[in-house]
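Engineer: Take a look at this one; I'll ask things after.
Protein chains: 6
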Amino acid sequence: MPMPPFQLALINPNTDESDTAEMAAAATAALGDGAEVVALTARRGVAGIETSAESVIAAAETLELVRDTPDADAYLIACFGDPGLDGVRELTNAPVVGIGEATYRAMTSVARRFAVITTLRRGIPELLDGLEHYGVAGRCVGVLASEITVEDLGGDSTDAIVAAGRRAVDELGAEALALACGGMTELETAVRERVGVPATNGVAFGALLAHALWRSGLRTSTVGSLALPPSMDPAALRRS
Amino acid sequence: MPMPPFQLALINPNTDESDTAEMAAAATAALGDGAEVVALTARRGVAGIETSAESVIAAAETLELVRDTPDADAYLIACFGDPGLDGVRELTNAPVVGIGEATYRAMTSVARRFAVITTLRRGIPELLDGLEHYGVAGRCVGVLASEITVEDLGGDSTDAIVAAGRRAVDELGAEALALACGGMTELETAVRERVGVPATNGVAFGALLAHALWRSGLRTSTVGSLALPPSMDPAALRRS
Amino acid sequence: MPMPPFQLALINPNTDESDTAEMAAAATAALGDGAEVVALTARRGVAGIETSAESVIAAAETLELVRDTPDADAYLIACFGDPGLDGVRELTNAPVVGIGEATYRAMTSVARRFAVITTLRRGIPELLDGLEHYGVAGRCVGVLASEITVEDLGGDSTDAIVAAGRRAVDELGAEALALACGGMTELETAVRERVGVPATNGVAFGALLAHALWRSGLRTSTVGSLALPPSMDPAALRRS
Amino acid sequence: MPMPPFQLALINPNTDESDTAEMAAAATAALGDGAEVVALTARRGVAGIETSAESVIAAAETLELVRDTPDADAYLIACFGDPGLDGVRELTNAPVVGIGEATYRAMTSVARRFAVITTLRRGIPELLDGLEHYGVAGRCVGVLASEITVEDLGGDSTDAIVAAGRRAVDELGAEALALACGGMTELETAVRERVGVPATNGVAFGALLAHALWRSGLRTSTVGSLALPPSMDPAALRRS
Amino acid sequence: MPMPPFQLALINPNTDESDTAEMAAAATAALGDGAEVVALTARRGVAGIETSAESVIAAAETLELVRDTPDADAYLIACFGDPGLDGVRELTNAPVVGIGEATYRAMTSVARRFAVITTLRRGIPELLDGLEHYGVAGRCVGVLASEITVEDLGGDSTDAIVAAGRRAVDELGAEALALACGGMTELETAVRERVGVPATNGVAFGALLAHALWRSGLRTSTVGSLALPPSMDPAALRRS
Amino acid sequence: MPMPPFQLALINPNTDESDTAEMAAAATAALGDGAEVVALTARRGVAGIETSAESVIAAAETLELVRDTPDADAYLIACFGDPGLDGVRELTNAPVVGIGEATYRAMTSVARRFAVITTLRRGIPELLDGLEHYGVAGRCVGVLASEITVEDLGGDSTDAIVAAGRRAVDELGAEALALACGGMTELETAVRERVGVPATNGVAFGALLAHALWRSGLRTSTVGSLALPPSMDPAALRRS
């Protein structure tokens, strides 16, 4: 039985198009043949989302991008803070996955305890709130900040991320690593190989998770809190 | 010792100017002499915020309004979902209070167990998440929806709110009532008198809470997660 | 790029071979071309696992079946109680998914609140413990028992399951339904269509989740609590 | 509109009258014109409450003092352990605030994460129980003991408190500081200035919080668990 | 090996000597030969403790009674609210058991889910706080109030308690019953026989638990938060 | 009144008969005259249970042993992980105690905060899950691993256990110590004396707790989740 065609809309809530390209490439490679990735970049906001205020703007922009792309089979919100995730789920009945949520689902599937490696220390409270929200706080042994900004990731910064990962494994008992930034896509392989534990930032896995939901016939609920808000035009948003 | 002048910026995250006026009047009456209330209305969004998607837009608009009003002594975000609250706290060192948060602080001060009376049933999951976030879920005996929209509040709808409140007290053991909507400002007195328990929607009390923080010298922290995001211009945002 | 071949070992911890066949068919259909499902049935135990004592026996049998099938690319434990899940994860570095865990991951991806529909009332405490363990208790609005045993599922019993599902949606605010039994595989479609919300028992979705983990290069951790127990022979258990 | 007169009864549950005077001065300064503070000192017990047994005695004494002062507009229990707080709320319908509870309300209003600075290490379990009770445990990054007793606070001890505060900010990520002792009233300003984050022990802010409740028409509930115990004489306790 | 003599001090925190006698008889019968029960009655307070204010007074009185009886091998605080329990543990290194705590330990030993049957509805918040404090909230399916006061227990009231117990088993899924009042001692047998599930109010079992701790050489810790408060005279309180 | 005879079945879920003998001796000494201990050793599995997979096998074996010994007055599962505990409770209405559960009940009776001393670091996640399950996670200040295997306990290893205990008291604020292994029975006295805090591994205390339940007439519930599974033969399992 041939796989039906599957179209994933990958939404990058920050404004950096090179991030978008890198994440789209990872999603495309993960999904393989018979899938198409439509990648969209925020038109307003910042190049690297590090704060709550920036995340608020990114969430509003994410909603706009989804409204402009109503026909995808599934959506991937490709920023670790999952900006606007619940709001997007009100706008469509296609599956919607956030890379933060996807990462935590992967973590608890491959390890009993994991650690989070992030960019700036100031983002730790937001991450801790997310761990609570997703019900995985009890499985997380710690959140370590590399003090490298989103925009400085790559190149030499890999060593710092790997070092933080090793510390998490050796000192905190982490058995897997959540890489808390869409910009860490290209670090996955290096961290896995050099630290020796499973690691992901949820872009490739999130694309596959969105596909798994869609392929098994699961759709975002359209009742209760996820019904389409009356203030939005339904005609343009739903597939027949 | 004369009270120093105190200027409160009341931000209405919805677009309904009559809501703004009603809430500003309540805040002004509560604060009394020696205080000034500057009331601002969202320029974009919906007249009654009932969903997560609408709340995302409201949060972005709230941030804009605060950036446009950098000199207030304190800010009151006058929508029960407290849209953008943590983001706003990054933008200013003045105290920032949300009416949802304020209401829950009042509830646990005057009762051991309380109930929440809201507008639409679809908003219950968002409210339950808020109860967890503010650490008061264990004190809440239930959330009751009247199925009256924000815009239909007032007039005959008072009876339905009072009836829900009585049910919460008689059947669920509520000892106080959180009125989960900025639009319920004028219902406070009716609910208190007819149900016989403390009740608030956090507008008047929130204005006083903001004043209490300010008057005791407390300011929003400027370190850690609440430091000003580098992507925002500090010069325009801080008072000397 | 052609999908690499993917072999899933589906372990049925109960002794009913018709259950195994039904679940294997669902997994095979979900995975599509380029995948192979090896289905294994417990040799000891009961035909329908309804109690903690029966689950203990099923867990031991599940471990045996995995030890006997060391070369799979991924494992799916196809009983909602996920018997022996953490133990199996010590024995292999291939991804291991339980259908209970998979179902809850699906629920929180497509809904803010869900309900669980189960067979016997006596199983409710075990399910509630599982909801806590997987960090989704706060998202679950209730567990409803149909009082139909695993072995009596199918045929007329569908109406009872559908009725329980409707009650969960209408009275409890469920937005999606977890069907808490491997034997409910063929009910998925009926429940989705007749209740109008997303529903799954995690067999088809779990097979796809296992594939998603494997395809994105994630493997079960081999450090910390998931290292191979020294008392077990490693040579026979790991793929090169 | 002139503020109505407001009378606050400040109850010091320890026996040290100089503590009472210091706290009353802070409350008076915070409330400003149009308010009167009646300060009462425990007649039995210890000069510095450091243990659970001492707190039990302080709670009973606090109840006595409130029963002897039935006509206040609001009550402030001025010991960080809030001894007898729920009991006092049964005796009066005036607002009742504890400085521990008030401090935690202030902390979560001005910071996402805070630390607690206390006197003796032995009090840490009691403080941790309080953090759970008030629903703020998830917002607290740590409790640090200075090993200075209540009675030795002041003078040289300020340096030790400031040093603990700095450690909390630099090493634990605290964004604000709870000063867990009524005797730390005069330390507030020094800690704020020298550590550079918001700090309070809840005396001045608690007085203002009590006023905010009262001024917005909120009264302690008189139904359910907070109804007047039949064993107490109602006539003497309630205002008309 | 003959049992060493064991002296239990049973503290009744209420003032009703017939309650004391009834509870002492149950403890004596449970402990059997080789044990002695010294029963003490509060000299101040109320005959039936139903509120937080009454519990505060009872706690202070309990401390007094323990200080007056320093030589017991173990202490049993025989009021379900365990008034003063942590305070008493600071005063002695003998084991100290509260009947509320003991009951919950029994419940989780003989059942996966239990219900609490109490006297007045107004006491429910206090009981729910206790369930949280003792870590058993997740095991409790509900708290049912009979609206019979402590003093009216016995005689005809047994039917009401039994009826509440049956409702808890049939409708809520309770597998055992906590009888939340020292005054329900003589109801244990009736409830067990007529409802058909394990039931206890912790008096007989608590006496045996205190003995079990003592007999296995366990003593109340004397370090950290349970060290003797310096304000109390150690000489009179400790056995050699 | 002479104590009725009491027969305790002590089940050692590992295969080491010297462990069984040591634990049986401790239980016999604790129970004293008028009690008989029947000690049973697992026939399959490992000599020291350190992993989840080993625990699964131990649980199945424990069930077998209990089914083979249906007439005991009470059962003690003498492995700290309490393998099969809920399953065993379905098979009998006699009281069933696990030494892990018993230890935690002792800890919270004699201390406000405790630490756990275990064998291998890899077992920490399993222990943390147990602390959550038993509702005592909030009372535990840390889990320390000695990196001594179960089989190497005794002799020189005592110093390492004592050192870990001292660290827990001095650095973490532990007030009592849980010794997380049935094989630590003979260490209890050394740890108590040399560290100076209460300590237990639950064998002696667990035997007494089982007796306390039995003696006070409490039996394992036979309704709800603990009813006898229909797949098991009731005739052989229950006493008349």
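Chains as they are written, first to last, in the numbering used here: chain Z, 253 to 492; chain R, 253 to 492; chain V, 253 to 492; chain X, 253 to 492; chain D, 253 to 492; chain H, 253 to 492. Using N, Cα and C, we set each Cβ at its ideal position, and we do this for glycine too. Note that this is a predicted model, so its numbers are computed, not measured.
Any Cβ of chain X within less than 8 Å of the Cβ of Gly425(H)?
Structural biologist: Yes, because at least one Cβ of chain X sits closer than 8 Å to the Cβ of Gly425(H).
Engineer: Taking the alpha helix (DSSP H) that Ile369(X) belongs to, which residues open and close that run?
Structural biologist: No alpha helix (DSSP H) holds Ile369(X); the beta strand (DSSP E) holding it covers 366-370.
Engineer: With a cut-off of 8 Å on the beta carbons, I'd call Ser361(H) and Glu427(D) a contact; round off their distance for me.
Structural biologist: That belief does not hold up - the Cβ atoms of Ser361(H) and Glu427(D) are roughly 23 Å apart, past 8 Å.
Engineer: Report yes if the CB atom of Thr371(R) is closer than 8 Å to the CB atom of Thr410(R), and no otherwise.
Structural biologist: Not closer than 8 Å, so no.
Engineer: From this set, Ser468(R), Trp466(R), Thr441(R), which residue's C-alpha is nearest Ser468(X)'s C-alpha?
Structural biologist: Cα-wise, what sits closest to Ser468(X) is Thr441(R).
Engineer: Kindly indicate the opening and closing residues of the beta strand (DSSP E) around Phe258(V).
Structural biologist: That run of the beta strand (DSSP E) goes 258-264.
Engineer: Check this for me: beta carbons of Cys433(X) and Leu470(X), under 8 Å apart or not?
Structural biologist: Cβ distance not < 8 Å, so Cys433(X) and Leu470(X) don't count as in contact.
Engineer: For the stretch 293-303 of chain R against the stretch 319-328 of chain R, do three or more pairs of beta-carbon atoms, one drawn from each stretch, fall closer than 8 Å, so that the two count as touching?
Structural biologist: Output reads no: the stretch 319-328 of chain R does not touch the stretch 293-303 of chain R.
Engineer: Rank Val388(D), Val308(D), Leu431(D) by C-alpha distance to the C-alpha of Glu342(X) and give the top, closest one.
Structural biologist: Among Val388(D), Val308(D), Leu431(D), the Cα nearest to that of Glu342(X) is on Val308(D).
Engineer: Look at the alpha carbon of Pro265(R) and the alpha carbon of Glu313(R), and state the distance between them as a whole number of angstroms.
Structural biologist: About 7 Å.
Engineer: Within the continuous beta strand (DSSP E) that includes Glu396(D), where are the two ends?
Structural biologist: The sequence shown places Leu at residue 396(D), rather than the Glu named in the question. Run containing Leu396(D): 392-397, per the beta strand (DSSP E) assignment.
Engineer: Please return the same chain residues whose Cβ sits closer than 6 Å to the Cβ of Leu461(Z), not counting the five positions on each side in sequence.
Structural biologist: Within the same chain, Leu461(Z) has close Cβ partners Val349, Ala354.
Engineer: Starting from Thr293(H), follow the beta strand (DSSP E) in both directions and report where the run begins and ends.
Structural biologist: Per DSSP, Thr293(H) belongs to the beta strand (DSSP E) from 287-293.
Engineer: Compute the Euclidean distance between the alpha carbons of Cys392(V) and Glu378(H), then round it to the nearest angstrom.
Structural biologist: Those two C-alpha atoms are separated by around 25 Å.
Engineer: Compile a chain-ordered list of the residues in the stretch 359-370 of chain Z whose CB is closer than 7 Å to at least one CB of chain H.
Structural biologist: Correct list: Arg364, Arg365.
Engineer: Quick check: Phe258(V) and Ala287(V), are their CB atoms within less than 8 Å of each other?
Structural biologist: Taking 8 Å as the Cβ cut-off, Phe258(V) and Ala287(V) qualify as a contacting pair.
Engineer: Which class does Cys331(R) belong to by DSSP, given the choice of helix, strand or coil?
Structural biologist: If DSSP states are grouped into helix, strand and coil, Cys331(R) belongs with coil.
Engineer: Are Ala358(H) and Gly394(H) close, meaning C-beta to C-beta below 8 Å?
Structural biologist: For Ala358(H) and Gly394(H), no; Cβs fall outside 8 Å.
Engineer: Among Asn345(X), Ala326(X), Ile376(X), Thr344(X), which residue has its Cα nearest to the Cα of Gly333(X)?
Structural biologist: The shortest Cα separation from Gly333(X) among Asn345(X), Ala326(X), Ile376(X), Thr344(X) belongs to Ile376(X).
Engineer: Helix or strand or just coil, what does DSSP make of Leu429(H)?
Structural biologist: The answer is strand: DSSP assigns Leu429(H) an E or B state.
Engineer: Of all the alpha helix (DSSP H) runs that stay within the bounds of the stretch 436-462 of chain X, which reach a length of 4 or more residues?
Structural biologist: The qualifying runs are 440-447.
Engineer: Could you tell me if Ser473(X) is buried or exposed, where buried requires 16 or more neighbouring beta carbons within 10 angstroms of its beta carbon?
Structural biologist: Label assigned to Ser473(X): buried.
Engineer: Can you check whether the C-beta of Arg373(Z) is within less than 8 Å of a C-beta belonging to chain X?
Structural biologist: True, the Cβ-Cβ gap to chain X drops below 8 Å.
Engineer: Should Ile329(X) be flagged as near chain H, meaning a C-beta pair shorter than 8 Å?
Structural biologist: It does not: the Cβ of Ile329(X) has no partner Cβ on chain H nearer than 8 Å.
Engineer: Quick check on Gly394(D) - is its C-beta less than 8 Å from some C-beta in chain V?
Structural biologist: Cβ-Cβ to chain V under 8 Å: no for Gly394(D).
Engineer: Which one of Gly435(R), Glu445(R), Arg444(R) has the shortest CA to CA distance from Thr272(R)?
Structural biologist: If we check each option's Cα against that of Thr272(R), Gly435(R) comes out closest.
Engineer: Taking buried to mean at least 16 other C-beta atoms within 10 Å of its own C-beta, is Asp408(V) buried or exposed?
Structural biologist: It is exposed - the Cβ of Asp408(V) has fewer than 16 other Cβ atoms within 10 Å.
Engineer: Where do the N-terminal and C-terminal ends of the alpha helix (DSSP H) with Gly375(D) fall, by residue?
Structural biologist: Gly375(D) -> no alpha helix (DSSP H), and no H or E assigned at all.
Engineer: Just by C-beta distance, which residues in the stretch 290-308 of chain D are closer than 7 Å to chain V?
Structural biologist: For the stretch 290-308 of chain D, which is checked against every Cβ of chain V, not one residue is closer than 7 Å.
Engineer: Less than 7 Å between the CB of Thr293(V) and some heavy atom of the ligand ATP, yes or no?
Structural biologist: Among the ligands in the structure shown, none appear at all, so the ligand ATP cannot be discussed.
Engineer: Strictly by DSSP, which residues pair up with Gly284(X)?
Structural biologist: Paired residues: none, contrary to the question.
Engineer: Contact defined as beta carbons within less than 8 Å: I believe Val475(D) pairs with Gly448(H). What is the distance between those atoms, to the nearest angstrom?
Structural biologist: 7 Å between Cβ atoms; contact.
Engineer: In the DSSP assignment, the beta strand (DSSP E) including Gly350(R) goes from what residue to what residue?
Structural biologist: It spans 348-350 - the beta strand (DSSP E) in which Gly350(R) sits, taken as one unbroken run.
Engineer: What are the start and end residues of the alpha helix (DSSP H) that includes Val414(R)?
Structural biologist: Val414(R) -> alpha helix (DSSP H) spans 409-424.
Engineer: Residues bridged to Ala326(V) by DSSP?
Structural biologist: In the DSSP output, where bridge partners are listed per residue, Ala326(V) has Leu260(V).
Engineer: Going along chain H, which residues have a C-beta under 7 Å from Phe332(D)?
Structural biologist: Residues of chain H passing the Cβ test: none, with the nearest at roughly 16 Å.
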